[in-house]
Amino acid sequence: MTSPLSNGRASTRVNRCGAKPRSASGMPLPATIGFSLTTSTASNYFPSRAALLAALAERIFDRMAPDPVVLADLGRREPSLALMTDYLRYVVERTTREPDLTRALFELRLEASRRPELRRALGDVLRRGYADDVAFHVAAGLPGGAFEVSLLHYAVDGLLLDQLTTSIDAGFDIDQVVSALVTRLVGAGG
20 MTSPLSNGRA
30 STRVNRCGAK
40 PRSASGMPLP
50 ATIGFSLTTS
60 TASNYFPSRA
70 ALLAALAERI
80 FDRMAPDPVV
90 LADLGRREPS
100 LALMTDYLRY
110 VVERTTREPD
120 LTRALFELRL
130 EASRRPELRR
140 ALGDVLRRGY
150 ADDVAFHVAA
160 GLPGGAFEVS
170 LLHYAVDGLL
180 LDQLTTSIDA
190 GFDIDQVVSA
200 LVTRLVGAGG
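In our numbering, the protein residues as written are 20 to 209.
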């Protein structure tokens, strides 16, 4: 009997008649197939559950990607703390527009803390995103550098966690918080 969540074609269980499971093409499936995904269409594209979840994280980042028109408008301005604040406001706007995407990314990060293979795969995705943010920051001539970008990542992650989960509900305006983060974390040293 197959799981109600499976498609019934590729279960690794023995069916009610005692027959060995077969793939959609009718080929018998080995008991151990060498990766943790249930044999299905997804296993044709992802060698492991961690690879699938890392691809999911990449897709989340794709969906939250900035609008090139907005970036072009912001990019016409002179580099300053005010411009950096507006960039950060735009990050918060994009990540809260579809809150389930950001929550899913938080869930993936929590899952990665329990699964070393996912930790490696997701870590690669997150580090690549951070490196892209630093490169953008430097190319735009914004104040500060890699350290300040990391401080803002840490701060915004906390802000998003608070806004998209159970909040401390401190009653502060999000724009005011973003402005204070830039001023205090970058303005002091940048």
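All C-beta atoms in this analysis are idealised placements derived from N, C-alpha and C, irrespective of residue type, glycine included. The model shown is predicted, which means the values in this text are computed figures rather than measured ones.
Per the coordinates, the alpha-carbon of residue 187 lies some 7 Å from the alpha-carbon of residue 181. Closest option to residue 89, judged by alpha-carbon separation, among 77, 129, 113 and 160: 113. When DSSP states are grouped into helix, strand and coil, residue 75 belongs to the helix group. Taking residue 118 as reference, the option from 178, 139 and 150 with the minimal CA-CA separation is 178. Taking a 10 Å sphere around the C-beta of residue 99, we find fewer than 16 other C-beta atoms and assign the residue as exposed. Residue 161 places its beta carbon 8 Å or farther from that of residue 72.
Note on residue 193: under 16 other CB atoms within 10 angstroms of its CB, so exposed under the neighbour-count rule. Secondary structure at residue 151: helix, using DSSP grouped into helix, strand and coil. When 92, 136, 124 and 96 are compared, the shortest CA-CA separation from residue 66 is found for 136.
Under the three-state reduction of DSSP output, residue 115 falls in the helix class. Annotated three-state conformation of residue 86 is coil, per DSSP.
When rounded, the separation of the alpha-carbon atoms in residue 201 and residue 63 is 45 Å.
Across the set 138, 149 and 191, the C-alpha of 149 shows the shortest separation from the C-alpha of residue 80. The residues 76 and 79, in chain order, have a CB closer than 7 Å to that of residue 124 in the same chain once the five nearest residues on each side in sequence are set aside. Taking a C-beta distance under 8 Å as the contact criterion, residue 164 and residue 175 do not qualify as a contact pair. In the displayed model, residue 65 falls within coil according to three-state DSSP, outside both helix and strand. With fewer than 16 other Cβ atoms from the protein chains shown falling within 10 Å of its own Cβ, residue 154 counts as exposed.
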